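Position 175 of the sequence shown, counted from 1, bears residue number 182 in the numbering used here, the numbering being contiguous throughout. Yeah, the Cβ is synthetic: ideal placement off N, Cα and C, and Gly gets one too. The structure presented is a predicted model; accordingly, all values stated were derived computationally and were not measured. Below is one structure, written out as structure tokens, with a few remarks after it.
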Amino acid sequence: MGQQNRLRSLTSAKTATIVGPIGQIRLKRPDLLHDELLNKCSVPLEKFSETNLDSGVSRLSTTAPGIPSRQHWKPVIDHFAQILMAFRPMTTMRNAATAVVLLVIALLGVEFWLQRKSMPTMQGVTSRATAADQRLLVPSAVCHHELQRMLKTVHQASPASGNHDFRVNSFGCRGEEPEVPAPEGSYRILVLGDDSICGTGVDEHETVSAHLQRFLSKQTKVRLEVINCGIPGYCPLLSWLKFEH
Numbered sequence: 008m009g010q011q012n013r014l015r016s017l018t019s020a021k022t023a024t025i026v027g028p029i030g031q032i033r034l035k036r037p038d039l040l041h042d043e044l045l046n047k048c049s050v051p052l053e054k055f056s057e058t059n060l061d062s063g064v065s066r067l068s069t070t071a072p073g074i075p076s077r078q079h080w081k082p083v084i085d086h087f088a089q090i091l092m093a094f095r096p097m098t099t100m101r102n103a104a105t106a107v108v109l110l111v112i113a114l115l116g117v118e119f120w121l122q123r124k125s126m127p128t129m130q131g132v133t134s135r136a137t138a139a140d141q142r143l144l145v146p147s148a149v150c151h152h153e154l155q156r157m158l159k160t161v162h163q164a165s166p167a168s169g170n171h172d173f174r175v176n177s178f179g180c181r182g183e184e185p186e187v188p189a190p191e192g193s194y195r196i197l198v199l200g201d202d203s204i205c206g207t208g209v210d211e212h213e214t215v216s217a218h219l220q221r222f223l224s225k226q227t228k229v230r231l232e233v234i235n236c237g238i239p240g241y242c243p244l245l246s247w248l249k250f251e252h
């Protein structure tokens, strides 16, 4: 009887609000709720607990006219879920492809950065020589720098000078290899200086040493050999060190 009184008190108002899983329903004839509950409930009213009463009201609210029930929306939700599952493999593949592309770009960026960082800065052997003559020189522990020994190349000191054959002997001097030891009765003249003596812009037979060789050969019958020891970028001190060593 207590539960029936509770049910009657629930329906005694002019309006009643039923709370269900899809929202609230306001009834204008709450007096009909009592009869509906008595007719539709599958268990005796005296066995209703508070939980059963709430669930019964919820079940009734879901079948109110004009409001779709949960069962009505279930096929739509299931169909929408199937559509999403169909696109799930494509999304996974797209994410994987994007990750691979980003990884490759990152690796290329790191490789480029490391190469730029580890790449030595191209510096000339000496600031006193031209950029074209720099490739003829190598550092020296004794006299700062010298010609690359046993070098044979075609050199262009400037666009105006053109290309010239350039050779260096084992002593680091331009020209052919001198005979060791010197022939008996001969004299050797060592010409020191910078690129003007070396003659990087002219052929070997047009250097100062070659002209001096021809001039002295006409002036005396003594066998003379003039050795070109001019080095691009040399000063008097470096020339003296070259002569000493």
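Shortest alpha-carbon distance to GLY208 belongs to which of THR160, ALA138, ASN170 and ALA88?
ASN170
Give the list of continuous alpha helix (DSSP H) stretches no shorter than 4 residues that lie fully inside the region 200-243.
202-205 and 215-226
Whose C-beta lies closer than 7 Å to the C-beta of ASP140 among residues of the same chain, with five residues either side of it excluded?
Closer than 7 Å at Cβ, skipping near neighbours: ALA164, ASP202, THR207 and PRO239.
Please classify ARG156: does DSSP put it in a helix, a strand, or coil?
coil
Per DSSP, which residues does PRO146 bridge with? Please list them.
HIS152
When you compare only the Cα positions, how much space is there between PHE222 and GLU186?
When rounded, the distance between both Cα atoms is 21 Å.
Which of the three DSSP states is assigned to ARG181 in this structure?
It is a strand residue.
Is VAL161 helix, strand or coil when you go by DSSP?
DSSP places VAL161 in strand when its eight states are reduced to three.
By a C-beta neighbour count over all protein chains shown, 10 Å radius and 16 as the cutoff for buried, is VAL111 buried or exposed?
exposed
Decide if the region 225-235 is in contact with the region 244-251; the criterion is three or more beta carbon pairs, one per stretch, under 8 Å apart.
Taking 8 Å as the limit for Cβ pairs, the verdict is that the region 244-251 does not touch the region 225-235.
Check whether the Cβ atoms of ARG156 and GLY192 sit closer than 8 Å, and answer yes or no.
no
Give me the DSSP bridge partner(s) of ARG135.
Paired residue(s): none; ARG135 is not in a bridge.
Assign VAL145 to buried or exposed, taking buried as 16 or more other Cβ atoms, counted over all protein chains shown, within 10 Å of its Cβ.
exposed
Name the residue from VAL198, VAL107 and ALA88 whose alpha carbon lies nearest to the alpha carbon of SER246.
VAL198
For THR214, which residues from the same chain have a beta carbon less than 6 Å from its beta carbon, with the 5 sequence-adjacent residues on both sides left out?
Here the set comprises GLY206 and ASN235.
At the level of alpha carbons, what is the spacing between SER216 and GLY182?
10 Å
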